[in-house]
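Some notes on the structure that comes next.
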Amino acid sequence: MSKHYVLRTLLCPSCGHAQEIKFKLSEVQVVERCEACGKVARFERVPLGADSWNVICGQ
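Count the sequence shown with numbering that gives the first Met the number 0 and you get residues 0 to 58, in order.
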């Protein structure tokens, strides 16, 4: 994997399913579909750094 990408394990806000999400280091937000329930969630990196993500919208 390129050093410009990072994998993070994020939890679906709807069903709690954990899945690995690949995102670019330059991304502030990432939108992903849950593999288990199919719902979409948008995650935003918080000012503390790349290891901290907040769910800002569950659809």
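Virtual Cβ for every residue (Gly too), placed ideally from N, Cα, C.
Just so we're clear, the structure is a prediction, and the values are computed from it rather than from any experiment.
Between the options, which has its C-alpha nearest residue i's C-alpha?
i: F22; options: R44, F42, Y4 and E43; result: Y4
i: V29; options: C36, F42, Q18 and A35; result: F42
Residue i to residue j, Cα distance in whole Å?
i: K38; j: T8; result: 16 angstroms
i: K2; j: I20; result: 15 angstroms
i: L10; j: L24; result: 19 angstroms
i: G15; j: A35; result: 9 angstroms
i: R32; j: Q18; result: 10 angstroms
Excluding the five sequence neighbours on either side, which residues of its own chain have a C-beta within less than 6 angstroms of the C-beta of residue i, listed in chain order?
i: V27; result: R44
i: G57; result: Below a pLDDT of 50, predicted positions are generally treated as unreliable, and G57, at 49, falls in that range; the measurement from the model is reported next regardless. Closer than 6 angstroms at the Cβ level, and outside the excluded window around G57, lie P12, S13 and A40.
i: L6; result: E19 and K21
In chain order, each alpha helix (DSSP H) run of at least 4 residues that lies wholly inside the stretch 10-52: Entirely contained in the stretch 10-52, not one alpha helix (DSSP H) run reaches 4 residues.
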